[in-house]
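Residues 59 to 249, numbered by this note's numbering, are exactly what the sequence shown covers, in order.
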Amino acid sequence: MPILNHTYLNKLIVMAGAKKQLLLQSLLRLVNNAESEIAQLSLAIQQKNYADAKAILHRLRGSFATVGAIQLPELALTLEQNCEEHTLGITDFSVFFAAYRQTAAEFSSVIAQHSEENAVASAALDMAQLTTLLQYLQSQNLLALDLTAQLEIQLCQLIGTEQTQQLCQLVTALHFQEAATLLRQCVKFNG
């Protein structure tokens, strides 16, 4: 059984157009946020809390099916039915967890591929956006919140995940001057 419908996912990415990076960022967050959902699912199964397990499986199924996953949503549906029958066990969860790992790896590959395609083509645009972000931060403009979110994947590629997380935390906490200082330390700006 295929893990992803690559044709569907690629159509979504093409349809996103100028918002492609936001879509890729959303996919990355989906994969990362699913980790905590999986942990909650494991706990619910161990506690034989079938109602919670079914609700978590339903959320995961819907989220992943929306962006082209095939195998994971099908397994989730089967496990939801097992929850209704109170027959869901750790073995079922192990199969589901393995499918999640494969799905996450494929999504990560697609994200990396499309991010690399954009990296070279939009280098000048990235610098212009970074300069705009720096100006927003220095002037305490709340548009810095949105622009930081839009540039998160590009920032990770440019300054690394740890620095990007720190920058995002500063911006979210509205510590714009500290964020501007960090950005200037990480990126060489002209002038």
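Glycine is no exception: its CB is placed at the ideal position from the N, C-alpha and C atoms.
Where DSSP assigns a beta bridge to A127, which residues make up the other side?
L62
To the nearest angstrom, how far is the alpha carbon of T161 from that of L130?
7 angstroms
Would you give the residue range spanned by the alpha helix (DSSP H) that F247 belongs to?
No alpha helix (DSSP H) holds F247; DSSP gives it neither H nor E.
Provide the residue span of the alpha helix (DSSP H) that contains E95, from first to last.
78-104
Please say whether L82 and I251 have beta carbons closer to each other than 8 angstroms?
In the structure as shown, the chain starts at 59 and stops at 249, and residue 251 therefore has no counterpart that could be examined.
Look up L146 in the DSSP assignment and say whether it is helix, strand or coil.
coil
Would you please state the rounded distance, in angstroms, between the beta carbons of T239 and L225? I believe it to be under 8 angstroms.
Rounded, the Cβ-Cβ distance is 10 angstroms, inconsistent with contact.
Cα-Cα separation, H116 to L135:
7 angstroms
I'd like to know if the stretch 211-224 and the stretch 70-89 are in contact, where contact means that at least 3 CB-CB pairs between them fall below 8 angstroms.
yes
Within 8 angstroms, do at least three Cβ pairs link the stretch 139-155 to the stretch 86-105?
yes
H233 versus F247, L203, Q221, residue with shortest Cα-Cα distance:
L203
When the Cα atoms are used, what is the spatial distance from A92 to R159?
10 angstroms
Compute the distance between the beta-carbons of I71 and E95, then report whether it is under 8 angstroms.
no
Which two residues bound the contiguous alpha helix (DSSP H) that contains A231?
From DSSP, A231 is part of no alpha helix (DSSP H); its letter is neither H nor E.
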